[in-house]
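Numbering (this note's numbering), first residue to last: 18 to 157.
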């Protein structure tokens, strides 16, 4: 609630002003010019750019995601010969699960030992309940 109030109080007025400036720049720019295209592009994405005002749980930056993927980027060169082109997406999925466990402060081995047995026998509708965040919520 405090984050939402702060965003409404400080971010919304700034974004309203920025939008007015973009609209003014678009009106003053020659149609079809680079500035007009840039303004139109920004205004087309405006709802996505300002979504954080509607959902206070969203982070303002993706630094956490970027930092969590750094080991993957560093290891990419080391893993170039992991076996086959099909192995890459599988490794990426596993690393995503491991990083989600770390973010949820969940021991990776404990989580995998609890979730993997019988996974193939579960209906696909159950899968959202098996994410690390959901699993932590169900097993405090």
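No residue lacks a Cβ here, since even glycine has one placed at the ideal position from N, Cα and C.
Test: residue 21 CB closer than 8 Å to a CB of chain B: Here chain B cannot be found, since the structure has a single protein chain.
Contact check, residue 153 vs residue 133, beta carbons under 8 Å: In the chain shown, counting from the first residue as 1, residue 153 sits at position 136. In the chain shown, counting from the first residue as 1, residue 133 sits at position 116. Not in contact: residue 153 and residue 133 (Cβ atoms no closer than 8 Å).
Beta-carbon contacts of residue 150 that lie in its chain and below 6 Å, excluding the five residues immediately before and after: Translated into the one-based positions of the chain shown, residue 150 becomes position 133. Once the five neighbours on either side are set aside, the close Cβ partners of residue 150 are 121.
Supposed contact pair residue 39 and residue 61 - C-beta distance, whole angstroms, cut 8 Å: Working through the chain shown from its first residue, we reach residue 61 at position 44. Working through the chain shown from its first residue, we reach residue 39 at position 22. Not really, about 11 Å apart at Cβ, beyond 8 Å.
Own chain residues within Cβ distance below 8 Å of residue 103, not counting five before or after: For the purposes of this step, residue 103 is taken as the residue at position 86 of the chain shown. Answer for residue 103: no residue qualifies.
Which of helix, strand or coil DSSP assigns to residue 121: Locating residue 121 in the chain shown gives position 104, counting from the first residue. Looking at residue 121 - three-state DSSP - the assignment turns out to be coil, as it is neither helix nor strand.
Three-state secondary structure (DSSP) of residue 141: The residue you call residue 141 lines up with position 124 of the chain shown. Correct three-state label for residue 141: helix.
Residue 20 - containing alpha helix (DSSP H), residue span: The residue you call residue 20 lines up with position 3 of the chain shown. 19-23 is the extent of the alpha helix (DSSP H) around residue 20.
Beta-carbon proximity of residue 20 to residue 106, cut-off 8 Å: Here the question's residue 20 lines up with position 3 in the chain shown. Here the question's residue 106 lines up with position 89 in the chain shown. Contact flag unset, no.
Nearest neighbour of residue 32, chosen from 53, 54, 49, 63 [CA to CA]: For the purposes of this step, residue 32 is taken as the residue at position 15 of the chain shown. Selected option, being the one with the closest Cα: 63.
Distance between beta carbons of residue 128 and residue 143, contact taken as under 8 Å: By one-based count along the chain shown, residue 143 stands at place 126. By one-based count along the chain shown, residue 128 stands at place 111. About 15 Å; that fails the 8 Å criterion.
Own chain, CB closer than 8 Å to residue 155, minus 5 neighbours either side, in chain order: Along the chain shown, one-based indexing puts residue 155 at 138. These residues qualify, in order along the chain: 146.
Endpoints, the alpha helix (DSSP H) within which residue 79 is located: Locating residue 79 in the chain shown gives position 62, counting from the first residue. It is not in any alpha helix (DSSP H) - residue 79 carries neither H nor E in the DSSP assignment.
Which of helix, strand or coil DSSP assigns to residue 72: Position 55 of the chain shown holds residue 72. DSSP places residue 72 in coil when its eight states are reduced to three.
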